[in-house]
Amino acid sequence: MKVKEIMIEDVLMIDKNESVTNLMKCLTENKIGGVPVVDQDHHLLGMISDGDVIRALSPREQNIFDFYSLIVLVEKPELKEQIRRFLEKSVEQVMTKRKIEYVKPEDSLQDILNILSHHHFKKIPVIDDDNKVVGVVSRGDVIRYITKQMLE
């Protein structure tokens, strides 16, 4: 099985210069947790997720309670101002600055499984030879494919 057989080609992406406000609208309106970050020519620059936003806003060490702390603290005027300033930042300023993991359309299911399991990602961008985003593969896509193969 090759990546091109299960990847989603209709990919939502966000330009590196878009505001975090527009990112949040994109994530919530489309009920997704993350998108590839691209330049104007759709070259992959990174990924950004709802987790990146939570970590960037979190006032202390990261743990499960930070999200709930933000909900309570959002009513404080000083945090409201901090959030307002944060939402004006560009996606590029907030996205995680780590090595970008990706697959290519000709890569195998094993390549996807290795990245998903080793890095704990929910979604992997698929790029062509010009480093342009041509699709994404999520954990759900892989599970659906494996389940379908088992039932046939």
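With the UniProt record's numbering applied, the sequence shown closes on residue 152, and no number is skipped along the way.
Even glycine gets a Cβ: it sits at the ideal position worked out from N, Cα and C.
Computed from a prediction, not measured in an experiment: that's the story for all the values here.
Using C-beta distances below 8 Å, list every residue in its chain close to D39, excluding the 5 sequence neighbours before and after it, in chain order.
Here the question's residue 39 lines up with position 39 in the sequence shown. Result list for D39: D15, K16, L45, in chain order.
What are the start and end residues of the alpha helix (DSSP H) that includes S19?
Numbered from 1 along the sequence shown, position 19 holds the residue referred to as residue 19. It is not in any alpha helix (DSSP H) - S19 carries neither H nor E in the DSSP assignment.
Could you check whether P125 and V142 sit closer than 7 Å to each other, using their CB atoms as the reference points?
Indexing the sequence shown from 1 puts residue 142 at position 142. Indexing the sequence shown from 1 puts residue 125 at position 125. No, the Cβ-Cβ distance between V142 and P125 is not below 7 Å.
Counting only runs of 3+ residues fully inside the UniProt domain "CBS" (95 to 152), write out the beta strand (DSSP E) ranges in chain order.
123 to 127, 133 to 138
Can you give me the Cβ contacts of I100 inside the same chain, cut-off strictly under 6 Å, excluding the 5 residues immediately before and after it?
As a position in the sequence shown, residue 100 is number 100, starting the count at 1. Only G46 meet the Cβ criterion.
Counting along the chain, where does the alpha helix (DSSP H) carrying V3 start and finish?
Taking the first residue of the sequence shown as 1, we reach residue 3 at position 3. That residue, V3, is in no alpha helix (DSSP H); it is neither H nor E in DSSP.
Can you name, in chain order, every residue of its own chain whose Cβ lies under 7 Å from the Cβ of M13, other than the five neighbours on each side?
Working through the sequence shown from its first residue, we reach residue 13 at position 13. Only V35, P36, V38, H42, V133 meet the Cβ criterion.
Thinking S19 and L87 are a contact (beta carbons under 8 Å), I'd like their distance in whole angstroms, please.
The sequence position of residue 19 within the sequence shown is 19, counting from 1. The sequence position of residue 87 within the sequence shown is 87, counting from 1. Rounded, the Cβ-Cβ distance is 7 Å, consistent with contact.
Report the option in E5, R85, M150, S49 whose CA atom is closest to the CA atom of T28.
Reading the sequence shown from its first residue, position 28 is the one you call residue 28. The residue with the shortest Cα to Cα distance from T28 is S49.
Apart from the five residues just before and just after Q62, which ones in its own chain have a Cβ nearer than 7 Å to its Cβ?
Taking the first residue of the sequence shown as position 1, residue 62 is located at position 62. Low confidence applies to Q62: its pLDDT is 47, below 50, so where it sits in the model is not reliable enough to give any reading.
Is it buried or exposed for M24, if we count other Cβ within 10 angstroms and need 16 for buried?
Here residue 24 refers to the residue found at position 24 when the sequence shown is read from its first residue. Classification for M24: exposed.
From E106 to I32, what does the alpha carbon distance come to, in whole angstroms?
Taking the sequence shown and counting its residues from 1, one reaches residue 106 at position 106. Taking the sequence shown and counting its residues from 1, one reaches residue 32 at position 32. About 25 Å.
Residues bridged to G34 by DSSP?
Indexing the sequence shown from 1 puts residue 34 at position 34. Answer is S49.
Under 7 Å between the Cβ atoms of M1 and L109?
Here residue 1 corresponds to residue number 1 of the sequence shown, with the count starting at 1. Here residue 109 corresponds to residue number 109 of the sequence shown, with the count starting at 1. Going by C-beta atoms, M1 is nearer than 7 Å to L109.
Leaving out the 5 sequence neighbours to the left and right, which residues in its chain are closer than 6 Å to M7 when beta-carbon positions are compared?
On the sequence shown, residue 7 is found 7 positions in, with the first residue counted as 1. Once the five neighbours on either side are set aside, the close Cβ partners of M7 are V126, G135, V137.
Please report the distance separating the alpha-carbon of Q82 from that of Q93.
In the sequence shown, counting from the first residue as 1, residue 82 sits at position 82. In the sequence shown, counting from the first residue as 1, residue 93 sits at position 93. Between Q82 and Q93, the C-alpha separation is close to 15 Å.
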